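See below for the structure under consideration.
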Amino acid sequence: MELMGLASSALPELDATADVLCSGVALGSCGAVPFLCALALARHAALANNAPVLFLSNDDPFTCCMAVVGPPPAPVQPA
């Protein structure tokens, strides 16, 4: 929830209910599952919106991760 508050204050143009997805509360603490699920959710959002997505993970108190997840590049047209 802290991360959602930070995102809404740092990026006020985002809609906290539509643009910021949180999976931590729903998944609880079960090893790598919450991290992988959140990463898969970011990939799905990137594919669905055909736009890059910022992925943040703060599940571990000692390790935080951030990555930009994007859709695949457009196919190259033959010359």
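Going letter by letter, the sequence shown gives residues 172 to 250 in the numbering used here.
Where is the CB? At the ideal position from N, CA and C, for every residue including glycine.
None of the values given here were measured: they were computed from a predicted structure.
When rounded, the separation of the alpha-carbon atoms in Ser-194 and Val-247 is 35 Å.
Phe-226 has Ala-238 as its beta-bridge partners, per DSSP. When the five nearest sequence neighbours on each side are left out, the beta carbons in the same chain lying within less than 6 Å of the beta carbon of Ala-178 are those of Val-191, in order along the chain. Each of Thr-188, Ala-213, Ala-250, Ala-181 was checked against the Cα of Ser-228, and the nearest Cα belongs to Ala-213.
The three-state secondary structure of Ala-250, taken from DSSP, is coil. Taking a C-beta distance under 8 Å as the contact criterion, Ala-209 and Phe-233 do not qualify as a contact pair.
Inclusion of Val-224 and Ala-216 in the CB contact set at 8 Å is warranted, their separation being smaller than that value.
The beta carbon of Met-237 sits closer than 8 Å to those of Leu-225, Phe-226, Leu-227, Ser-228, all from its chain and outside the five residues before and after it, given in chain order.
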